[in-house]
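Asks:
Chains as they are written, first to last, in my numbering: chain Y, -5 to 105; chain X, 27 to 137.
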């Protein structure tokens, strides 16, 4: 079946370094991808999205890259801060609006 | 403020006692969903609704019911809760093809 998955379940980085969180997807027909951040005790919070007609999209300190050839998505966080510590989910938006989530990567930022 | 609200936020109940978790959104979104989140299993969709009176099963619908009588509300009903339904529940809404906005979550414990 279709699935969205993450390569690494945990990621530990030093404060100030850049973080890269990866995600693989298998449905080549999906045309919309989203990254969410979930802090402990809270609901997932939208970070950034990208549509399949783009390869790259930048936000404030975050960049999402989409490689449709290998069905790979990544989230880059520049100058990672302690407040970035959270679980990050990628999600694939299939036709009809159904979202499929990856398992999540826990990002831990060391001071 | 555009948001998704859920009530209650915390609930402890006993096996077999019917309960309802309410969900409401003020963004006029067509699409609403319920998810459960369990350690190691990520977010799994229970039910979703593409519009009023249109609902469909997600990945883990057993033991749950939903209704969509009004566009803004999407209650989740557990007719006879069991301990394996102890979980963290999230309601979400979106416009078709756009990112989902999540509620704050409801932590349910069934003893």
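The beta-carbon is built from N, C-alpha and C at its ideal position, and this holds for glycine as well.
Please list, in chain order, all residues of the same chain as residue 46/X whose beta carbon is under 6 Å from its beta carbon, the five residues on each side excluded.
Replies: The answer, listed in chain order, is 101, 103.
Asks: In the DSSP assignment, find the unbroken beta strand (DSSP E) run with residue 32/X in it and report its ends.
Replies: Unbroken beta strand (DSSP E) run through residue 32/X: 30 to 33.
Asks: Helix, strand or coil for residue 32/Y, going by three-state DSSP, please let me know.
Replies: In the structure shown, residue 32/Y sits in a strand (DSSP, three-state: E or B).
Asks: From residue 136/X to residue 71/X, what does the alpha carbon distance come to, in whole angstroms?
Replies: Roughly 20 Å separates the two Cα atoms.
Asks: Can you give me the start and stop residues for the beta strand (DSSP E) that residue 57/X sits inside?
Replies: Run containing residue 57/X: 57 to 64, per the beta strand (DSSP E) assignment.
Asks: What is the DSSP secondary structure of residue 96/Y, reduced to helix, strand or coil?
Replies: Coil, per DSSP.
Asks: Listing by chain order, which chain X residues have their CB less than 9 Å from the CB of residue 40/Y?
Replies: Going along chain X in sequence order, the residues near residue 40/Y (Cβ under 9 Å) are 125, 126, 127, 128.
Asks: If we ignore side chains and look at the alpha-carbon of each, how far apart do residue 30/X and residue 59/X end up?
Replies: Roughly 11 Å separates the two Cα atoms.
Asks: Less than 7 Å between the C-beta atoms of residue 99/Y and residue 5/Y, yes or no?
Replies: Yes; because the gap between Cβ atoms is below 7 Å, this pair is in contact.
Asks: If we cut at 7 Å on Cβ distances, does residue 97/Y have a partner in chain X?
Replies: Closer than 7 Å: yes.
Asks: Out of curiosity, what's the CA-to-CA distance linking residue 16/Y and residue 30/Y?
Replies: The alpha-carbon atoms of residue 16/Y and residue 30/Y are separated by roughly 13 Å.
Asks: Counting only the same chain and skipping the five closest in sequence on each side, list residues whose C-beta sits under 6 Å from that of residue 61/Y.
Replies: Once the five neighbours on either side are set aside, residue 61/Y has no close Cβ partner at all.
Asks: Is DSSP giving residue 52/X helix, strand or coil here?
Replies: In the structure shown, residue 52/X sits in coil (DSSP, three-state: anything other than H, G, I, E or B).
Asks: Does any residue of chain Y have a CB that is nearer than 7 Å to the CB of residue 69/X?
Replies: For residue 69/X, the answer is yes, since a Cβ of chain Y falls inside 7 Å of its Cβ.
Asks: Within 7 Å of any Cβ in chain Y, is that where the Cβ of residue 116/X sits?
Replies: Yes, residue 116/X lies at the interface with chain Y (some Cβ there is under 7 Å from its Cβ).
Asks: Answer with buried or exposed for residue 28/X, where buried requires no fewer than 16 other C-beta atoms within 10 angstroms of its C-beta.
Replies: Result: exposed.
Asks: If you check the beta carbons only, do residue 131/X and residue 37/Y fall under 7 Å apart?
Replies: Yes. Within cutoff.
Asks: Does DSSP put residue 133/X in a helix, in a strand, or in coil?
Replies: In this structure, residue 133/X counts as strand in the three-state DSSP scheme.
Asks: Can you name the residues of chain Y whose CB is closer than 9 Å to the CB of residue 131/X?
Replies: Result: 35, 36, 37.
Asks: Taking 7 Å as the threshold (beta carbon to beta carbon), is residue 28/Y in contact with chain X?
Replies: Yes, because at least one Cβ of chain X sits closer than 7 Å to the Cβ of residue 28/Y.
Asks: Starting from the Cα of residue 69/Y, find the closest Cα among 34/Y, 49/Y, 25/Y and give me that residue.
Replies: Per the Cα distances, 49/Y.
Asks: Would you please state the rounded distance, in angstroms, between the beta carbons of residue 99/X and residue 48/X? I believe it to be under 8 Å.
Replies: Rounded, the Cβ-Cβ distance is 7 Å, consistent with contact.
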